[in-house]
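J.: Protein chains in written order, with our numbering: chain E, 1 to 145; chain C, 1 to 145. Where a beta carbon is used, it is the ideal one built from N, C-alpha and C, also for glycine. If you're wondering where the values come from, they're calculated on a predicted model, not measured in any experiment.
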DNA sequence: TTTAATTCATACAAAATACTCCTAAATCCG
DNA sequence: CGGATTTAGGAGTATTTTGTATGAATTAAA
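Here it is, written out as structure tokens:
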């Protein structure tokens with residue numbers, strides 16, 4: 001069981017790094033980040049591209065270009081990021097993967113899992129990127145410390 | 001983000017079916033289960049094999065053979081199953097996949113995620129297969145209702 | 001003892017995910 | 001304008017997961 005996908009991990013790591021290093025300019029060079037975080041440049045680029053398409057980030061091409069937040073990190077929740085990185089339906093999916101599962105025709109774990117999942121959901125929805133990024137340092141986001 | 005893998009889903013569905021249909025004999029034919037649950041016979045066989053190797057199930061070859069529980073379903077927790085199906089370290093893994101992450105050198109989400117994960121863990125550890133299997137019917141475990 | 005039923009083991013195929021590479025488009029600077 | 005820099009997009013490769021096929025080992029029953 002991998003709770004989030006590799007792309008999701010990379011995306012979160014990059015965003016946390018950005019959240020904790022917000023300075024004047026506002027744009028982050030993807031190559032620098034990929035090196036600082038030990039993530040393949042091309043792969044990270046693609047992941048951040050998706051976040052741009054989903055409206056979490058904005059990007060700027062050309063010299064000194066990069067990606068930056070569209071909203072304040074206080075206004076971006078962990079739930080937003082999980083949905084953008086892992087799919088909009090994460091907080092609604094049946095644990096057993098049964099497509100018909102719901103209140104009408106619940107699988108045996110429906111009620112049980114819904115309770116747990118809703119807790120996770122409200123937890124993630126009340127946690128902002130700013131909350132998480134506060135005490136972040138670069139080395140805490142690297143694979144090789 | 002898929003909370004559990006496909007194999008995990010199949011394994012859980014099969015076990016729930018078994019838990020809710022415990023009759024006299026105690027052994028369940030894998031082919032019958034695979035048909036009843038719309039899961040590929042060979043794939044299900046492989047998954048249940050692992051559960052046998054991990055000591056959750058016992059098996060019996062030959063005519064009228066099959067798989068059955070080694071312990072009472074009251075004594076098998078959801079946490080046991082998740083660990084068997086998805087890996088022993090599920091409840092200990094870093095959300096960001098950082099191998100060095102721990103109390104000593106926490107990633108920015110360490111404390112936060114540990115809280116959530118430990119809740120999930122204790123929830124799963126206090127829920128038995130018997131608890132979940134109680135009101136299970138076969139059609140609630142099928143993909144096509 | 002032969003035959004059939006069934007799980008076990010292994011190899012193979014397909015699909016999904018992870019990762020790489022190349023070119024295009026936008027932007028800046030001379 | 002022309003060249004350098006940087007993200008965007010798409011195509012291609014590798015790895016992991018999912019699913020299929022085949023045969024061996026074990027047991028029961030005729």
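If the cut is a Cβ gap below 7 Å, which residues of chain E does residue 109 of chain C touch?
T.: The contacting residues are 132.
J.: For residue 11 of chain E, count neighbouring C-beta atoms within 10 Å of its own C-beta (all shown protein chains included) and say buried if the count is 16 or more, exposed if not.
T.: Burial call: buried.
J.: Taking the beta carbon of residue 145 of chain E as the centre, do at least 16 other beta carbons fall within 10 Å, making it buried, or is it exposed?
T.: Note on residue 145 of chain E: pLDDT 49, under 50, position unreliable in the model; the coordinate value appears next. Burial call: exposed.
J.: Starting from residue 12 of chain C, find everything on chain E with Cβ-Cβ shorter than 9 Å and list it in chain order.
T.: Near residue 12 of chain C (Cβ distances below 9 Å), the residues of chain E are 95, 96, 109.
J.: Below 6 Å CB to CB, which residues in the same chain sit around residue 27 of chain C once its five sequence neighbours on both sides are set aside?
T.: Contacts found: 60, 66, 68.
J.: Buried or exposed for residue 63 of chain E, please, with buried defined as at least 16 other CB atoms from any protein chain shown within 10 angstroms of its CB.
T.: When all chains shown are included, residue 63 of chain E counts as exposed.
J.: For residue 57 of chain C, which residues of its own chain have a beta-carbon under 7 Å away from its beta-carbon, when the five flanking residues on both sides are left out?
T.: For residue 57 of chain C, where only same-chain residues beyond five positions count, the Cβ hits under 7 Å are 48, 51, 67, 68, 69, 70.
J.: Report the residue ranges of all alpha helix (DSSP H) runs contained in full by the region 62–128 of chain E; include only those spanning at least 4 residues, in chain order.
T.: The qualifying runs are 78–86, 110–125.
J.: Does the beta carbon of residue 48 of chain E come closer than 8 Å to any beta carbon on chain C?
T.: No, residue 48 of chain E does not count as interfacial toward chain C.
J.: Could you confirm whether any beta carbon from chain C is found closer than 8 Å to the beta carbon of residue 81 of chain E?
T.: False, the Cβ-Cβ gap to chain C never drops below 8 Å.
J.: Looking at the structure shown, is residue 28 of chain C part of a helix, part of a strand, or coil, going by DSSP?
T.: Three-state result, residue 28 of chain C: strand.
J.: Establish whether the CB of residue 145 of chain C and some CB of chain E are separated by less than 8 Å.
T.: Confidence at residue 145 of chain C is low in this model, with a pLDDT of 48, below 50, so the placement of that residue should be treated as unreliable; the coordinate-derived value is given next. Residue 145 of chain C counts as touching chain E.
J.: Could you spell out where the alpha helix (DSSP H) holding residue 22 of chain C opens and where it closes?
T.: Counting along the chain, residue 22 of chain C falls outside any alpha helix (DSSP H), and DSSP gives it neither H nor E.
J.: So what does DSSP say about residue 165 of chain C, is it helix, strand or coil?
T.: Examination of residue 165 of chain C is not possible in this model, given that chain C is present from 1 through 145 alone.
J.: Measuring only between beta-carbons, confirm whether residue 76 of chain E sits less than 8 Å from chain C.
T.: With 8 Å as the cut-off, residue 76 of chain E does not count as an interface residue toward chain C.
J.: Hey, quick one: how far does the alpha helix (DSSP H) through residue 50 of chain E stretch, first residue to last?
T.: Here the alpha helix (DSSP H) through residue 50 of chain E covers 41–53.
J.: Can the beta-carbon of residue 16 of chain C be found less than 8 Å from the beta-carbon of residue 108 of chain E?
T.: Closer than 8 Å, so yes.
J.: Assuming residue 19 of chain C and residue 73 of chain C make a contact with CB atoms under 8 Å, what is their CB distance in whole Å?
T.: Right, the Cβ-Cβ distance comes to about 5 Å (below 8 Å), so this counts as a contact.
J.: Return the Cβ separation of residue 123 of chain C and residue 4 of chain E in integer angstroms, given the expectation that the two are a contact with Cβ distance under 8 Å.
T.: So it is not a contact: roughly 19 Å between Cβ atoms.
J.: Mind listing the chain E neighbours of residue 127 of chain C? Cutoff is C-beta to C-beta under 9 Å, in chain order.
T.: Residues of chain E passing the Cβ test: 112.
J.: For residue 118 of chain E, which residues in the same chain have their Cβ closer than 6 Å to its Cβ, ignoring the five residues on either side in sequence?
T.: Closer than 6 Å at Cβ, skipping near neighbours: no residue.
J.: I think residue 54 of chain E touches residue 84 of chain E, with their Cβ atoms under 8 Å apart; what is that distance to the nearest whole Å?
T.: Between residue 84 of chain E and residue 54 of chain E the Cβ distance is about 4 Å, and since that is below 8 Å, they are a contact.
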